[in-house]
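Presented below is the structure to which this report refers.
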Amino acid sequence: MIKFKCSLTGLCCKASPITLQSFEEMLVNFLAESMSIDVKIAPAYTIYDALSNQWIALSYTLYLNDDNKCPFLSKDNRCSIHNIYKPFICRTYPYVPREVQYLVNSELKLIIPQVVYGVSTRCPVIELHKPLISKYFEANASFIKEYMPSEYEAAIEAERARLVIVTLLSNLWRDGLVELVQKPPFTGSSSRFINAYSLLQRYNPRLPYILGIYSIVEKIRLAKMAND
Ligand code: SF4
10 MIKFKCSLTG
20 LCCKASPITL
30 QSFEEMLVNF
40 LAESMSIDVK
50 IAPAYTIYDA
60 LSNQWIALSY
70 TLYLNDDNKC
80 PFLSKDNRCS
90 IHNIYKPFIC
100 RTYPYVPREV
110 QYLVNSELKL
120 IIPQVVYGVS
130 TRCPVIELHK
140 PLISKYFEAN
150 ASFIKEYMPS
160 EYEAAIEAER
170 ARLVIVTLLS
180 NLWRDGLVEL
190 VQKPPFTGSS
200 SRFINAYSLL
210 QRYNPRLPYI
220 LGIYSIVEKI
230 RLAKMAND
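Sequential numbering from 10 applies to the sequence shown in the numbering used here.
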């Protein structure tokens, strides 16, 4: 069976802003700082915490530069952070989350992520394989797994990480440490944000290990020390 193979055009690094999970925002900022690269990152999906009167950011947007390229795309069209940490969405591309929602169940004090993945037709390889994809996609549920195994695996990993974050946040809610509201009444007040990962790490010091990012943080720290 034909398999997806990235043709390294770098188009996906120029296509649209990059969505980051909360812990990825921390890693990407840390990387940018260690490499002296300017980045613009803003909170994307947020949930309001009525106890602290602030918004908890579950995801972020990394904006493209003025020349419409990811700030980490090198002059020779390569990802300059590939060897240290490549964001999930870059690893899953062109298999990407098309819709991401977080359902907030106030009765159970539970946040449930709902993510729908799809294949981006902006990718030139997908464009080429389009007839084949449309032929098999509907007939065979495991088609994507066979067609693009690495990207599929990365998507599984991404959703596992997302689940860790919302599960721990739901636990904080049930412990009375946050009071989450999906759509609070407008009060004209706070626009303070806190990164969900940073908040959770206060209560779960082992979170970097749970997410498997401890060694990456260390790598970045060492790279930063080497550059200083
Ligand atoms: S982080 Fe790397 S792979 Fe992702 S968009 Fe930027 S340059 Fe491309």
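Glycine included, every Cβ here is placed at the ideal spot set by N, Cα and C.
Please read all numbers here as calculations on a predicted model, not as lab measurements.
I'd like the list of long-range same chain contacts for residue i, defined as Cβ closer than 6 Å, with 5 residues on each side in sequence excluded.
i	result
N86	G19
R100	A163
Given a cut-off of 8 Å, decide if residue j and residue i are closer than it, judged by their beta-carbon atoms.
i	j	result
I46	I225	no
S89	M44	yes
N204	L177	no
L117	A170	no
C22	K84	no
L208	I56	no
R201	Q63	yes
P133	S16	yes
Y126	P106	yes
V109	Q191	no
For residue i, count neighbouring Cβ atoms within 10 angstroms of its own Cβ and tell me buried if that reaches 16, exposed if not.
i	result
M10	exposed
S31	buried
D58	buried
I165	exposed
Y161	buried
Since residue i contacts residue j with CB under 8 Å, what's their CB separation in whole angstroms?
i	j	result
I142	V128	6 Å
P122	Y72	In fact, because the Cβ distance is near 23 Å, the residues do not count as touching under 8 Å.
P96	Y69	In fact, because the Cβ distance is near 10 Å, the residues do not count as touching under 8 Å.
Y54	Y111	6 Å
Between residue i and the ligand SF4, is the CB less than 7 Å from at least one heavy atom?
i	result
Q132	The amino acid occupying residue 132 in the given sequence is Cys; Gln does not appear at that position. No, Cβ of C132 sits at least 7 Å from all heavy atoms of the ligand SF4.
L67	no
I46	no
C15	no
K95	yes
I27	yes
I229	no
H7	Since the displayed the chain opens at 10 and closes at 237, residue 7 lies outside it and no answer follows.
I50	no
I219	no
I121	no
I90	yes
Leaving out five residues on either side along the sequence, give the residues of the same chain with a beta carbon under 7 Å from the beta carbon of residue i.
i	result
L119	S179
F81	I46, C88, S89, I90
L60	V187, E188
Q210	L216
Return yes when at least one heavy atom of the ligand NAP lies under 7 Å from the C-beta of residue i, else no.
i	result
L82	Ligands present in the displayed structure are limited to the ligand SF4, and the ligand NAP is not among them.
Could you pull out every residue in the same chain whose Cβ sits closer than 8 Å to the Cβ of residue i, ignoring the five residues on either side in sequence?
i	result
Y38	It is worth fixing the name first, because residue 38 is Asn in this sequence and not Tyr. The answer, listed in chain order, is V48, I50.
F13	P103, V134, I135, H138, Y156, M157, E160
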